[in-house]
Each structure stands twice: as C-alpha cells, then as structure tokens.
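First up is the structure itself, then whatever we jot down about it.
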Amino acid sequence: MSSSPGPTATATPGSTVIELSNVWKIFGNNPQKALEAVQKDDLPKAEVLEKFNAVVGVADVSLDIKRGEIFCIMGLSGSGKSTLVRHFNRLLEPTAGKILIEGIDVMGLGQAALRTFRNQKIGMVFQNFALLPHRSVLDNVAMPLEIRQISKNDRMRQAAAILEIVELSAWGSKFAHELSGGMQQRVGLARALAANPDVLLMDEPFSALDPLIRRQLQDEFLRLSNILKKTTVFITHDLDEAVRIGHRIAIMRDGRVVQIGTAEDIVMHPADDYVAEFVAGISRLKVVHAHAVMQGIEEYVANHPALPEDAPSVDEGETLSKIIAVAIDTDSPIKVIDDGKIVGVITREAILKTVVEGTEMS
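Residue numbers (this note's numbering): 813 to 1174.
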C-alpha cells in the first residue's frame, strides 16, 4: 500500500474530482461470503440478513462528482446515504469497490497517508456540531491548522479570515454554549473550511435546526459556495433542501442509487415508481425550465400556423413560474430563445400538462 497521498491531479474546472466504482458495504461477520451470494443470486436485503446475519449498507454504487459541484445524496432513513458518505474518506472501509478523489486511490492509502489525506483534502460537517466546549470559537476553527502544526500566529490569522467569511468575526472569543444552534453550525462549517480542503462532506448539517434557521443556513451555504466553489457532497433526507441547493441529486433506496440527475431531470423523468412517489410533492414552478416544456421550433411550425410576430418570448432557462406569468397576459404561444434564436415554442396546453402531470408534451 502507498505511504503518501501522492501528487494532486491538475484537474480543470468541471472535471471529475470524485469517482466511485461498484462500491459495496456489507456489515457482518462474513461480509465477503455475503457479497458473493448477493452478486451471484441478486439477493434482497432481507434474505441477506436471514441467510448470513449481514446487513447490506451500500450496494454496488458508482457515481462521479465534478469540480465545484454540490452533489446531494438523499433518501429515507436507512437508505444508506450516511453510510455511503463515510466511505469517501474511509471512516468506513468498503467491502468492495474503488474510490478515487483527485486521482488518489483512497483504498491504497496506509494509515499515516490516510490521516494526512483526511486533514488536507477533506473537510467534514456533521449534524452534531461537535465543537470543543473548552475552546473559544476562534480556537475551534483553528484546530485543523493546529493538527497540521501551523504556527499559532498563522493559524489564528487564517481562522479569523474564515470567521469573517461566515460573518462570525465578532464571536471569535466566545465559547460554544454562548452561541445559538445556527451559529454553532456556522462555526462547524468554518472549521471544515479552515484547512482549505478540496472536498467538503456534509452529513445532514442543518437537519437539527428550526425551519427558519435551516433556510438561513442554506442561503449562507449557497453564498459561501459561490465564493469558495468547493466540491461538496451534501447528505439530506429533505428533498426540498436537495432541490434548493444541489446541482445534481442522487436518490438512494436500500443501499442502492436508483437515480442521479438534476432536480428537473428527476421531477420530469423519475426512474421508477419509488422516485415518482418521492418527488410527487415537489412544486415544479422553480424546478422545471422552458427547455423541458417547449416543443422544438421545426416540429411546431410543421403542425401549427405561423407564430404571431408579437408573440412573447422567454429564455430557454426560464422557470415554469415565470412562463406562467407570461402566459397569463397573452393568448399567443410563447417563443423560447437561446443565444438570440427561436429554438422552441410553449403552448398553454404544454404548461397545463406540465403543472398537472409533470410530463413533457409529446
């Protein structure tokens, strides 16, 4: 096994930072035997438990996450989402599979290299704030830098800079018990960011907070993401939260990833009945965009009269809520524009069908 993390890949923006291939995690006394049986006979979880006294936590997960992406992994309790995220930095050891982060084979790291990798490459934020009560806010944030043996002056300066970014610079001398829950979670986020990691792992970081504070922290997190552009794996059981902050979403069930896509992809084209039921309560107004509702311009022209010259228009990326607002004031079809050209047409029928059924017009 390798003894050091090795060189960091010189990846370009949008390139793959995290790659998981066929990752399995089976808990039990003989996980390999259970795995062989699962792979050979495609046994369901209940049968694996009965035959091998083993629990399938993660089942054959493959995915990739791009640089700067907020990738949400979500599912109901017991779906395997939190188990999966703990494999990224080997807090849990996979039963099988391969994990690459920045081109580094995480499974090939020895213990010393793994500690360095966790400290330098990965930042973690948990639901439990886990702040040390005997340390000030500033000392808590500086702790990852202290582990790196950075000089006190330098680590305090860096910690203070991060506290300013999360708008807590005035609270550096306070202790955790003097802060509200939302403020404590921002300190936890600041501590994860202090070491300037390549990847942030966030396991239901806001779920213990009141709804108003939770939404405020979502806003704060999105603001920080726009500034720092960290590659983030965000675990949540709340679909509204995933839709609000995620560039892409992976939905898990029984340890498996059943669908990966943008919020629009998943709402408009659920992979199966489970996903369809999962997303049934999501409003499409701010999730679905014009390109998913429109009919292509050539197809429209072939089957309809010419478009009125004064027909209103929307951008291809405009949301359904804005399209409805435009449709209220006109009886005309709506032109869809991309790069100055008409690429499609949206009819009232298409709008109604999308709102009611969540499906595209054929």
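A virtual CB, placed ideally from N, CA and C, is assigned to each residue, including glycine.
Do the CB positions of residue i and residue j come within less than 7 Å of each other?
{"i": "D1010", "j": "K933", "result": "yes"}
{"i": "I1163", "j": "A1139", "result": "yes"}
{"i": "A954", "j": "A942", "result": "no"}
{"i": "M919", "j": "I913", "result": "no"}
{"i": "D1015", "j": "V897", "result": "yes"}
{"i": "I974", "j": "L1013", "result": "no"}
{"i": "I1063", "j": "V1087", "result": "yes"}
{"i": "V870", "j": "W836", "result": "yes"}
{"i": "V1112", "j": "V1157", "result": "Strictly speaking, residue 1112 in this sequence is Tyr, with Val absent from that position. Their beta carbons are under 7 Å apart, which means Y1112 touches V1157 by this criterion."}
{"i": "L809", "j": "F1018", "result": "Only positions 813 to 1174 of the chain appear in the structure, and residue 809 is not among them; the question remains open."}
{"i": "P956", "j": "A988", "result": "no"}
{"i": "S1144", "j": "P1117", "result": "no"}
{"i": "N952", "j": "V999", "result": "yes"}
{"i": "R1026", "j": "G887", "result": "no"}
Could you compute how far the alpha carbon of residue i sits from the alpha carbon of residue j?
{"i": "G818", "j": "E990", "result": "Its pLDDT being 36, under 50, G818 is placed unreliably by the model, and nothing is read from it."}
{"i": "K986", "j": "R1003", "result": "15 Å"}
{"i": "D1084", "j": "I885", "result": "17 Å"}
{"i": "M1080", "j": "F883", "result": "19 Å"}
{"i": "N901", "j": "N1008", "result": "16 Å"}
{"i": "A1075", "j": "L904", "result": "29 Å"}
{"i": "F839", "j": "S833", "result": "19 Å"}
{"i": "R969", "j": "I962", "result": "11 Å"}
{"i": "N1115", "j": "G1108", "result": "11 Å"}
{"i": "E976", "j": "H1059", "result": "26 Å"}
{"i": "V978", "j": "S889", "result": "30 Å"}
{"i": "I1154", "j": "G1073", "result": "27 Å"}
{"i": "G922", "j": "N931", "result": "14 Å"}
{"i": "E1172", "j": "T1159", "result": "For E1172, the pLDDT reaches just 44, beneath the cut-off of 50, and the residue's location in the model is therefore unreliable, leaving the point undetermined."}
{"i": "P843", "j": "T907", "result": "7 Å"}
{"i": "G994", "j": "K857", "result": "38 Å"}
{"i": "L1021", "j": "L1034", "result": "17 Å"}
{"i": "G880", "j": "D1122", "result": "41 Å"}
{"i": "D1141", "j": "V1091", "result": "30 Å"}
{"i": "S894", "j": "I1061", "result": "14 Å"}
{"i": "S981", "j": "G935", "result": "21 Å"}
{"i": "R927", "j": "D917", "result": "14 Å"}
{"i": "K852", "j": "N841", "result": "19 Å"}
{"i": "K845", "j": "E1053", "result": "38 Å"}
{"i": "N940", "j": "S992", "result": "13 Å"}
{"i": "P1023", "j": "E1110", "result": "46 Å"}
{"i": "K964", "j": "A924", "result": "24 Å"}
{"i": "V1055", "j": "H1049", "result": "11 Å"}
Out of the options, point me to the one whose CA is closest to residue i's CA.
{"i": "V937", "options": "V1126, I1047, S948", "result": "I1047"}
{"i": "T1131", "options": "Y1112, P1124, H1101, Q923", "result": "H1101"}
{"i": "E1128", "options": "E1111, I1146, R1096, E1121", "result": "I1146"}
{"i": "S891", "options": "D1077, V1070, Q1028", "result": "V1070"}
{"i": "K1098", "options": "T1166, R930, P843", "result": "T1166"}
{"i": "S1133", "options": "R1096, G1156, G994", "result": "R1096"}
{"i": "E1089", "options": "L926, L1051, S1125", "result": "L1051"}
{"i": "E831", "options": "V1148, T1043, E1053", "result": "T1043"}
{"i": "R967", "options": "K837, S827, L950, A982", "result": "L950"}
{"i": "D786", "options": "G1067, V1091, S1144, S981", "result": "Here the chain comprises residues numbered 813 to 1174, so residue 786 is not present and cannot be evaluated."}
{"i": "S948", "options": "Q996, L1029, L855", "result": "Q996"}
{"i": "I1094", "options": "M1106, V1105, D1077", "result": "D1077"}
{"i": "T828", "options": "R1065, G1000, K878, H1049", "result": "K878"}
{"i": "E1161", "options": "D917, I1039, N965, V1105", "result": "V1105"}
{"i": "F864", "options": "L847, S894, V999, E1110", "result": "L847"}
{"i": "G909", "options": "R960, S874, A849, F929", "result": "S874"}
{"i": "L1040", "options": "E1053, R1065, L1001", "result": "L1001"}
{"i": "R960", "options": "H1049, I1135, A1054, F929", "result": "F929"}
{"i": "H899", "options": "V1045, L855, D1031", "result": "V1045"}
{"i": "F1103", "options": "H1049, W983, I1135", "result": "Before going on, a small fix: residue 1103 reads as His here, not Phe. Minimum Cα distance to H1103 is reached at I1135."}
On the DSSP bridge assignment, give the partners of residue i in chain order.
{"i": "M1064", "result": "V1069"}
{"i": "S1181", "result": "Residue 1181 is absent from the model: the chain starts at 813 and stops at 1174."}
{"i": "F1046", "result": "C884, M1014"}
{"i": "V937", "result": "M1014"}
{"i": "H777", "result": "Since the first and last residues shown for the chain are 813 and 1174, residue 777 lies out of range."}
{"i": "G1108", "result": "G1156"}
{"i": "S981", "result": "DSSP lists no partner for S981."}
{"i": "S948", "result": "F987"}
Checking contacts by CB at 7 Å: is residue i closer than that to chain B?
{"i": "T1048", "result": "Structure shown: chain B not included; a single protein chain is present."}
Inset, instruction - Let me know the alpha helix (DSSP H) ranges lying completely inside the stretch 813-892, each 4 residues or longer, listed in chain order. - result: 843-853, 857-864
Legend entry - Length at least 3, wholly inside the stretch 1128-1170: the beta strand (DSSP E) runs in chain order: 1146-1150, 1153-1158
Legend entry - Whole runs of the alpha helix (DSSP H) within the stretch 986-1011, excluding any shorter than 4 residues: 993-1006
Legend entry - Uninterrupted alpha helix (DSSP H) stretches inside the stretch 888-933 (no shorter than 4 residues): 893-897, 923-933
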